[in-house]
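Asks: Structure in structure tokens, see below.
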Amino acid sequence: MRWLLQKDLLILRRSRLLLGVLVVYPIALALLIGLAISRSPGKPKVAIVDETPPGQTIQVGSERVDVSHYADELFSQVQPVHVPTREQAVADIESGNVLAAVVIPRDIAARIASGVSQGSIEVLYNGNALEQSLVRSQLNSALAQANLGFSEQIQRAAAQAIGVLLSGGNLGVLGAPSNMIGLGQIPPALRAIIARQPPGADRTQLQRINRFAEFANQNLGLSKNVLSTIGQPIQVKSTLVQGRRTPLNTFAVVVAVSVSLMFVCVLLAAGGVALEREEHTLARLARGLATREGLLAEKLLLAAACAFALALAMLAGIGAFVSLDWGRAGQWLIALAFGALAFGALGIAIGALAREVRAASLLAFGLSLPLAFLALVPSGSVAHGLYDAIAAISFVFPFKAALQALDCAVNGASPGLGVSVLHLLGLTVLFGALARVGLRRLE
Amino acid sequence: MNVISVKGLAKRYGERTALRDIEFDVVAGELVAIVGPNGAGKTTLLSIIAGVQSASTGTVAGTGVGASIGWAPQQTALYSKLSVAENLKLFARLEGVADPDRAVLRMLEQTGLGERADERVERLSGGNRQRVNVALGLIGDPPALALDEPTSALDPPQRERVWEFVGALARSGTAVLFSTHHLGEVRRYATRAIVLADGELLFDGLPAELIAANGGDGDFESAFVAFLKAHGH
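Going line by line, the protein sequences match chains Y and A. Be aware that the first sequence starts at 1, since it is given in this note's numbering, and climbs by one per residue. Be aware that the second sequence starts at 444, since it is given in this note's numbering, and climbs by one per residue.
Next comes the structure, spelled out in structure tokens:
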């Protein structure tokens, strides 16, 4: 095996183009995948036509809520482009300067303050079906956030007015009496008066009024909570059932490194085995100069060692930019080593089944790329039956298991490293056996 | 003493019989040509003798069979990214040759490829590749050599060089068994001819005997064709 290993290293060193592609391609691919996963979509560029007069407010009790708060909330959710008129906004959409436009009408404050109709805004957008879907989705989210923020301000003002009604004081509303008695102060005052009243019709009447005042006081107190419930009826409380929460950027690192490990390992192993057949040296070697098992093991180990070294270098290199827990480096090595072995086994199986290097490379690419994407499909994002099929496919190929092993090693995610390593070991044996069967045919 | 002894050899691929009841012996220094039409079983026979394939029934025995026979397949089996010397040294090591460097020098000298020793195989001409292919078969100094159509892709001068080299081997005592479609080579170089057709051994003797028996006027090819016709092929 030593001489074959030495020979393959020499051939690899002389295949500079292959070597270059094997190093550059996975790194470039890994970077793209990493960027795609770790970068959230940018804020949509939206034209804002704010027709409301400056300083316009909505009166809620003694509080005034500035209408410009709504625009501010909206601006924080999008990339705003201020335009003076609706016509200008339409022109900007048509020219592609902006994805959409939001027109905040002049009478929005009056409509909200009226208490009988909702304020409304106008949304304009353009583009093909895909763009429309994207813009609508992003804009709906931005508008929902802005609505929520604005309604919280109105809730706060309303809650303050209720507080004055309960505790007494100045409501600040035109026509309201100054130094008003609070609803909460009425029952004790009435009880003192009732105590001084002789039994009779007046006392009975006062007792009825007192019961109402007590009831109203209690229920108006509850209305503060009701206001916040209406503003945000469902509060989201997240709990992670299994494992540790994986930050998106370190998960992106794991994906990028796993993809590189897979490509280098599968391509090198598949190409190495297929080369022996293409050069017609397989039959010469199999005459007793090397066992088929030894030959396959040599190709697997060489590919795994090269891919392992590249993946480890990538992980260490990325670690300079993304915060990784170096205390777990021992686990990285285990995950990368077993992942490389499983990918190497898949590679030798492909190489043994293909007759030539080009076919093996094509098969390796054609198989690896979809497997990587399938393994990244999140549960719930596709129909149940389809997800089960994807999960089954991902289970019998090494990418998902290698990804899980590395995610566990780097981020402490579930399932545990031991489970993933055992899975990878099983796949190594399975694909190794398949490669041995494929190599029965010498030419 | 027989270097190769084939007894009752048969090879079947499922329902198809590639070889049936083949028997012959080869002694040291013989240069035996195996000829026959396409699909006669020439490559199958040589690859079984060389240990690349196993026989369905029958035996192949002698000092020059299996892994101990030198083998040069029809398509050159070389690492094209390695040089001539690197290929030779690799196989010398894999064959367990005691002194690989010396064996490489010997083969470079025998094949006349000394000047091309450091040249990568991918840059060699077809003839030189075939010479390296044969040299790889000889690196372990085997008592016998099996050559499967060694000159099929070569031009006449290149064929001439290969036969000079192979002839010298036979003269030095190596038993050489070769298949070919160039029937003129059988007349010129072979000391014995074996004719196969549809997996059957139809003739085993001197090329001159086959010519004489089939009225070939000294032309082996016309005698061979007449012989096959007479046997229904």
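For every residue, glycine included, the Cβ atom is placed at its ideal position computed from N, Cα and C.
Using only CA atoms, which one of A:452, A:541, A:550 and A:593 lies nearest to residue 621 of chain A?
Replies: As a working note, residue 621 of chain A is residue 178 in the second sequence. Residue A:593 is the option with its Cα nearest to residue 621 of chain A.
Asks: Using 8 Å for Cβ pairs, my map puts residue 143 of chain Y next to residue 44 of chain Y. What's the rounded Cβ distance?
Replies: Working through the first sequence from its first residue, we reach residue 143 of chain Y at position 143. Working through the first sequence from its first residue, we reach residue 44 of chain Y at position 44. At roughly 11 Å, the Cβ-Cβ gap does not stay under 8 Å, so residue 143 of chain Y and residue 44 of chain Y are not in contact.
Asks: Taking the CB atoms as reference points, tell me whether residue 405 of chain Y and residue 394 of chain Y lie closer together than 9 Å.
Replies: One-based indexing of the first sequence puts residue 405 of chain Y at position 405. One-based indexing of the first sequence puts residue 394 of chain Y at position 394. Their beta carbons are not under 9 Å apart, which means residue 405 of chain Y does not touch residue 394 of chain Y by this criterion.
Asks: Which of the three DSSP states, helix, strand or coil, is assigned to residue 244 of chain Y?
Replies: The sequence position of residue 244 of chain Y within the first sequence is 244, counting from 1. Confidence is the limiting factor: at residue 244 of chain Y the pLDDT is only 49, short of 50, which leaves the residue's position unreliable and the question unanswerable from this model.
Asks: Quick one: measure Cβ to Cβ for residue 471 of chain A and residue 600 of chain A, integer angstroms, because I've assumed they're closer than 8 Å.
Replies: Residue mapping note: residue 471 of chain A aligns to position 28 of the second sequence, counting from 1. Residue mapping note: residue 600 of chain A aligns to position 157 of the second sequence, counting from 1. Contact doesn't hold; Cβ gap of about 30 Å is too wide.
Asks: Fully enclosed by the region 269-328 of chain Y, which alpha helix (DSSP H) runs are 4 residues long or longer?
Replies: Correct list: 281-285 and 292-318.
Asks: Between residue 410 of chain Y and residue 253 of chain Y, which are expected to be in contact by the criterion C-beta below 8 Å, what is the C-beta distance as a whole number of angstroms?
Replies: Taking the first residue of the first sequence as 1, we reach residue 410 of chain Y at position 410. Taking the first residue of the first sequence as 1, we reach residue 253 of chain Y at position 253. Contact flag correct, Cβ pair sits at about 7 Å.
Asks: Which residues of chain A have a Cβ atom closer than 8 Å to the Cβ of residue 279 of chain Y, listed in chain order?
Replies: To locate residue 279 of chain Y, count along the first sequence from 1; it is residue 279. Simply 520, 521, 522 and 523.
Asks: Any C-beta of chain A sitting closer than 9 Å to the C-beta of residue 289 of chain Y?
Replies: By 1-based counting over the first sequence, the position of residue 289 of chain Y is 289. Closer than 9 Å to some Cβ of chain A, the Cβ of residue 289 of chain Y qualifies, so yes.
Asks: Using CA atoms only, rank isn't needed, just tell me which of Y:349, Y:376 and Y:284 is closest to residue 363 of chain Y.
Replies: As a position in the first sequence, residue 363 of chain Y is number 363, starting the count at 1. With distances taken between Cα atoms, residue 363 of chain Y lies closest to Y:349.
Asks: Mind listing the chain A neighbours of residue 362 of chain Y? Cutoff is C-beta to C-beta under 9 Å, in chain order.
Replies: For the purposes of this step, residue 362 of chain Y is taken as residue 362 along the first sequence, with counting starting at 1. Neighbours of residue 362 of chain Y on chain A: none; closest Cβ ~20 Å, over 9 Å.
Asks: Could you tell me which whole beta strand (DSSP E) segments of length 3 or greater appear in the region 87-115 of chain Y?
Replies: Qualifying beta strand (DSSP E) stretches, in chain order: 100-104.
Asks: Name the residue from A:570, A:560, A:480 and A:520 whose alpha carbon lies nearest to the alpha carbon of residue 603 of chain A.
Replies: As a first step, residue 603 of chain A is located in the second sequence; it is residue number 160 there, counting from the start. Closest option to residue 603 of chain A, Cα to Cα, is A:570.
Asks: If we cut at 9 Å on Cβ distances, does residue 390 of chain Y have a partner in chain B?
Replies: Here the protein chains are Y and A, and chain B is not one of them.
Asks: Between residue 146 of chain Y and residue 101 of chain Y, how many whole angstroms is the CB-CB distance? I'm expecting something under 8 Å.
Replies: Residue 146 of chain Y sits at position 146 when you count from the first residue of the first sequence. Residue 101 of chain Y sits at position 101 when you count from the first residue of the first sequence. Actually they are not in contact, since the Cβ atoms of residue 146 of chain Y and residue 101 of chain Y sit about 15 Å apart, beyond 8 Å.
Asks: Once DSSP output is grouped into helix, strand and coil, what is the label at residue 436 of chain Y?
Replies: What you label residue 436 of chain Y is simply residue 436 of the first sequence in a count that begins at 1. If DSSP states are grouped into helix, strand and coil, residue 436 of chain Y belongs with the helices.
Asks: Can you give me the start and stop residues for the beta strand (DSSP E) that residue 455 of chain A sits inside?
Replies: Locating residue 455 of chain A in the second sequence gives position 12, counting from the first residue. Counting along the chain, the beta strand (DSSP E) containing residue 455 of chain A begins and ends at 445-456.
Asks: With residue 343 of chain Y and residue 307 of chain Y assumed to form a contact (beta carbons below 8 Å), what rounded beta-carbon distance in angstroms separates them?
Replies: Numbered from 1 along the first sequence, position 343 holds the residue referred to as residue 343 of chain Y. Numbered from 1 along the first sequence, position 307 holds the residue referred to as residue 307 of chain Y. Confirmed, Cβ separation roughly 7 Å.
Asks: Do the CB positions of residue 220 of chain Y and residue 162 of chain Y come within less than 9 Å of each other?
Replies: Position 220 of the first sequence, counted from the start, is the residue given in the question as residue 220 of chain Y. Position 162 of the first sequence, counted from the start, is the residue given in the question as residue 162 of chain Y. Going by C-beta atoms, residue 220 of chain Y is nearer than 9 Å to residue 162 of chain Y.
Asks: Residue 65 of chain Y and residue 159 of chain Y: beta carbons closer than 9 Å?
Replies: The sequence position of residue 65 of chain Y within the first sequence is 65, counting from 1. The sequence position of residue 159 of chain Y within the first sequence is 159, counting from 1. No, the Cβ-Cβ distance between residue 65 of chain Y and residue 159 of chain Y is not below 9 Å.
Asks: Below 8 Å on the Cβ atoms is my contact criterion, and I expect residue 304 of chain Y with residue 341 of chain Y to pass it. Report the Cβ-Cβ distance as a whole number of Å.
Replies: In the first sequence, the residue the question calls residue 304 of chain Y occupies position 304. In the first sequence, the residue the question calls residue 341 of chain Y occupies position 341. That pair is a contact at about 5 Å.
Asks: Taking only beta carbons into account, state which residues of the region 489-505 of chain A come closer than 7 Å to chain Y, listed in chain order.
Replies: Within the region 489-505 of chain A, the qualifying residues are 493, 494 and 495.
Asks: If you draw a straight line from the C-alpha of residue 448 of chain Y to the C-alpha of residue 416 of chain Y, how long is it?
Replies: Because residue 448 of chain Y is not part of the residues shown, which for chain Y are 1 to 443, the question remains open.
Asks: Residue 435 of chain Y and residue 345 of chain Y - do their beta-carbons sit closer together than 9 Å?
Replies: Residue mapping note: residue 345 of chain Y aligns to position 345 of the first sequence, counting from 1. Residue mapping note: residue 435 of chain Y aligns to position 435 of the first sequence, counting from 1. Going by C-beta atoms, residue 345 of chain Y is nearer than 9 Å to residue 435 of chain Y.
Asks: Can you tell which of Y:217, Y:352, Y:269 and Y:263 has the C-alpha that lies nearest to the C-alpha of residue 479 of chain Y?
Replies: The structure shown does not extend to residue 479 of chain Y, since chain Y spans only 1 to 443, so no value can be given for it.
Asks: Can you give me the start and stop residues for the beta strand (DSSP E) that residue 622 of chain A sits inside?
Replies: Start at 1 with the first residue of the second sequence, and residue 622 of chain A comes out as number 179. Run containing residue 622 of chain A: 618-622, per the beta strand (DSSP E) assignment.
Asks: Using the beta-carbon of each residue, which ones in chain A are nearer than 8 Å to residue 10 of chain Y?
Replies: Here residue 10 of chain Y refers to the residue found at position 10 of the first sequence. The contacting residues are 524, 525 and 529.
Asks: Does the separation of the CB atoms of residue 652 of chain A and residue 582 of chain A fall below 9 Å?
Replies: Numbered from its first residue, the second sequence carries residue 652 of chain A at position 209. Numbered from its first residue, the second sequence carries residue 582 of chain A at position 139. No, these two residues do not count as a Cβ contact at 9 Å.
Asks: Closer than 7 Å by C-beta to residue 126 of chain Y: which residues in its own chain qualify, once you throw out the five before and the five after it? Chain order, please.
Replies: Mapped onto the first sequence, residue 126 of chain Y falls at position 126. Excluding sequence neighbours, residue 126 of chain Y sits near 93 and 94.
Asks: For residue 536 of chain A, which residues in chain Y fall below 8 Å Cβ to Cβ?
Replies: Along the second sequence, read from residue 1 onward, the residue named residue 536 of chain A stands at position 93. In chain order: 3.
Asks: Residue 113 of chain Y to residue 55 of chain Y, Cα distance in whole Å?
Replies: If you number the first sequence from 1, residue 113 of chain Y lands on position 113. If you number the first sequence from 1, residue 55 of chain Y lands on position 55. Going by the C-alpha atoms only, they are around 15 Å apart.
Asks: Which value, in whole angstroms, describes the spacing of the CA atoms of residue 109 of chain Y and residue 322 of chain Y?
Replies: For this step, residue 109 of chain Y is matched to residue 109 along the first sequence. For this step, residue 322 of chain Y is matched to residue 322 along the first sequence. So the two alpha carbons sit approximately 47 Å from each other.
Asks: With which residues is residue 467 of chain A paired in a DSSP beta bridge?
Replies: Along the second sequence, one-based indexing puts residue 467 of chain A at 24. Residue 467 of chain A pairs with A:449.
Asks: Using the beta-carbon of each residue, which ones in chain Y are nearer than 8 Å to residue 516 of chain A?
Replies: Taking the second sequence and counting its residues from 1, one reaches residue 516 of chain A at position 73. Within chain Y, the residues near residue 516 of chain A are 280, 283 and 284.
Asks: Closer than 9 Å, CB to CB, is residue 602 of chain A near chain Y or not?
Replies: Here the question's residue 602 of chain A lines up with position 159 in the second sequence. No - not a single Cβ of chain Y is within 9 Å of the one on residue 602 of chain A.
Asks: Tell me whether residue 400 of chain Y sits in a helix, a strand or coil according to DSSP, three-state version.
Replies: Here the question's residue 400 of chain Y lines up with position 400 in the first sequence. DSSP places residue 400 of chain Y in helix when its eight states are reduced to three.
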